[in-house]
Amino acid sequence: KYLDGELDDWNRKLKMFELGSVQFRVNYHKDVFKRISYNDLCQRIFDDYNAPVIITPSFLTDRNARGKVEQHLANFRREMVEQNIDKKWLNLYTFFDAKFNGYGCQNYSFYNNKLYLNPFLYDVIIQRTPNFETTMDANTLYDNIEYAQQVDDCNGCEYMMSCAERNIHLYMESRGLDSCVALKEYMYASN
-14 KYLDGELDDW NRKLKMFELG SVQFRVNYHK DVFKRISYND LCQRIFDDYN
36 APVIITPSFL TDRNARGKVE QHLANFRREM VEQNIDKKWL NLYTFFDAKF
86 NGYGCQNYSF YNNKLYLNPF LYDVIIQRTP NFETTMDANT LYDNIEYAQQ
136 VDDCNGCEYM MSCAERNIHL YMESRGLDSC VALKEYMYAS N
């Protein structure tokens, strides 16, 4: 009675998964893997809906103090490594494909007459924070590389350009992060 037919409507909309490629996204929280492993969740969603599922670290967009991002990022990275993601699911994350990058292209959003650069981190686009307000003629690739060269984990890393083209280093700088945010353990996706 509480749902008043909304569940039926939701199930009808889920049928659209049969028609094309859709992606489930689950926001990361500390107990996300308590009841089901990532591999089992992927298999269940694939079997039931023929769709991939991605765990997204929504805390990256939190405007609170950087300590919260640092703490959650460390937990997220640790738990994702502990999940020992099966190779067949790795390709669901474009982040794990080191060859997937901006190829010199930038992602922008225009909001309230302001232009924002959108860093692309763990398949999440970080949007519209004052740190990323920009102009169309700004060349951020060099800014990313310059910051990366100051970070021990990034300087000389084989994935540095992939991260730089996604503006990940600008995100790191905006949060005062001085260690790698990537999951290098999984950066070998095949496609």
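So the sequence shown is numbered by my numbering: it starts at -14 and just counts up by one. C-beta atoms are modelled at their ideal positions from N, C-alpha and C, and glycine is treated no differently.
Which term fits residue i, buried or exposed, when burial requires 16 or more other beta carbons within 10 angstroms of its beta carbon?
| i | result |
| --- | --- |
| E67 | exposed |
| F105 | buried |
| Y93 | exposed |
| V7 | exposed |
| I21 | exposed |
| A167 | buried |
Go ahead and pull the three-state DSSP assignment for residue i.
| i | result |
| --- | --- |
| E143 | coil |
| Y101 | strand |
| I39 | strand |
| F96 | Here residue 96 is Tyr; the residue named in the question, Phe, does not match the sequence. Strand. |
| L75 | helix |
| L162 | coil |
| L106 | strand |
| I70 | coil |
| Q91 | coil |
| N60 | helix |
Please find out if some non-hydrogen atom of the ligand GTP comes closer than 7 angstroms to the beta-carbon of residue i.
| i | result |
| --- | --- |
| T119 | Among the ligands in the structure shown, none appear at all, so the ligand GTP cannot be discussed. |
So, under 8 angstroms CB-CB, residue i and residue j are touching, yes? Tell me the CB distance rounded to an integer number of Å.
| i | j | result |
| --- | --- | --- |
| T125 | N152 | 6 angstroms |
| F9 | I30 | 5 angstroms |
| C148 | W74 | Contact flag wrong, Cβ pair sits at about 22 angstroms. |
Practice item. Counting only runs of 3+ residues fully inside the region -14 to 34, write out the beta strand (DSSP E) ranges in chain order. Key: 9 to 12
Review point. Would you call the region 132 to 151 and the region 19 to 39 touching, i.e. three or more CB-CB distances under 8 angstroms?
Key: no
Practice item. Could you pull out every unbroken alpha helix (DSSP H) segment of at least 4 residues lying fully inside the region 110 to 144, listed in chain order? Key: 125 to 133
Check your understanding: Counting Cβ pairs, one atom from each stretch, are 3 or more of them under 8 angstroms apart for the region 13 to 24 and the region 57 to 73?
Key -> yes
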